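Quick note: the sequence shown uses my numbering, first residue 60, plus one each step.
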Amino acid sequence: MVLGVKIKLKKQYNEANTNEKKGIKKSFALDVSFEMENELVVLFGPSGSGKTTLFKCISGITDLDEGKITVGNKVYFDKENKINLPIQKRNLGYVFQSYTLFPHMNVRKNIECGLKGWEKESKEERVREMLSLLHIEELETRYPSQLSGGQKQRVALARALAPKPEILLLDEPFSALDLEIRTRLAQKIRDLQTKIGIPVLFITHSLEEAFQLADKILVLYEGKAQQFGTPEEIFYHPNNLHVAELVGISNIFNDAYVKECDEESKCTVLKSGDLILRIKTQRFEPGDKVFWGIHPENITLLLPDSRSENQNDNTYSARINSITNKGPKKRITLKLARYNKTLTAEVPAQCVDALRLHTGDLCLAKLEMTKVVAFHKS
């Protein structure tokens, strides 16, 4: 059984600029280092951040400039020791966004493609095992043209898993599927990883999918690893502005510094303009310049007559600038008049209705101190 994966690599390449009039090329540097156990790690980042290029480097499709890739006890690549296993000797499964099923072969034959060199009896047994594992026994004799998108993806997974790979790479496998099928297949991937017990790397642009699937998330931006941690760490403790924006923190302010650190309460006091803000963290030193922010859903609205403003627990007077319906939630723009700051909150629609809040009303906005995020400017 694979005990873990260690990846440390660098790859420099040029990419033609899409603006033909300029006729220039931009340089792109992939610089990634991380370790994972037999778990599911999601690669998350915007288009062009290097996610698919990283997969190509791991699989051997693209050569590396330097670094080392180890899967279990097998070294796939080691620049220093001049090791570079060819693709066919890297025992990995790779599922592409486009499925890449052979149209002239039925489901059984497609799965068998990954079992070249296996004895007939072992091959038959493994195919039956894969058909059962992915619940596609009834599709055995069908051809790709007769399958739905979700069925094709399960066949592609079966083919990738058939040779018993040491690691599984999934490159946006659900992007062409509708939400309901994506949700079902995501849970299937989660269950499969637990059952087969191998490392799985999964690329997605969907934050919701990343949090549904991941044991850990690796955030990439312009070829660089920005943060590696659990979904909760990424969501509530982003390392920098790029990560904060990628995980949906729309309320971000860059004018704060650390006023004091209270070791007894494990709180840090920030001063952002005239606003005093308390957060639950001990990551900073007095005088540090920081960004701070909060997810819209972590702002609680209260009626002004229920209590008074209190900066000791991040409760501030606000006026509602606008209310926008978003199905089960309402997006509310708030102006903290005394502090010249505008916040966006997302509140369950039933709460807004129960409080009878309307545009122009005064209210109190409470920022949960355990949910306020902060990170250094550098």
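Note that CB positions come from ideal geometry on N, CA and C, so glycine has one too. For clarity, every value in this text was computed on a predicted model and none was experimentally measured.
query	result
From P363, M164, A273, residue whose alpha carbon lies closest to that of S265	A273
Inter-residue spacing [alpha-carbon to alpha-carbon] between F155 and F312	39 Å
K115: first and last residue of the uninterrupted alpha helix (DSSP H) it sits in	110-118
Rounded straight-line distance, which links the Cα of P258 to that of Q285	21 Å
Delimiting residues of the beta strand (DSSP E) encompassing C172	Element bounds for C172: n/a, residue is neither H nor E.
Option nearest K127 by Cα separation, candidates N143, T418, F103	N143
CA-to-CA distance, Y158 to L206, given in whole angstroms	12 Å
Under the three-state DSSP convention, the category D250 falls into	helix
Own chain residues within Cβ distance below 7 Å of F93, not counting five before or after	I66, L277, A284, F287
Inside the stretch 225-294 only - beta strand (DSSP E) runs reaching at least 3 residues	226-230, 259-263, 275-280, 283-288
For H417, three-class secondary structure by DSSP	coil
Distance, G256 Cα to N132 Cα	16 Å
N- and C-terminal bounds of the beta strand (DSSP E) containing G152	151-154
Spatial distance of Y295 from I338 (CA atoms)	12 Å
Cα-Cα separation between V432 and L426, rounded to whole angstroms	11 Å
For Y398, three-class secondary structure by DSSP	helix
K394 beta carbon less than 8 Å from that of R415	no
Buried versus exposed call for H354 [16 or more other C-beta atoms within 10 Å across all chains shown]	buried
8 Å Cβ shell around I335 - same chain, five flanking residues per side excluded	K318, V328, L329, Q370
Cβ-Cβ distance between A269 and V101 below 8 Å	yes
Backbone CA spacing between M164 and E178 [nearest angstrom]	20 Å
Bridge-paired residues (DSSP) for K223	Note: K223 sits in no beta bridge, so no partner.
Buried or exposed (CB count within 10 angstroms, at least 16 for buried), K70	buried
Whole-angstrom distance between K168 and E180, CA atom to CA atom	15 Å
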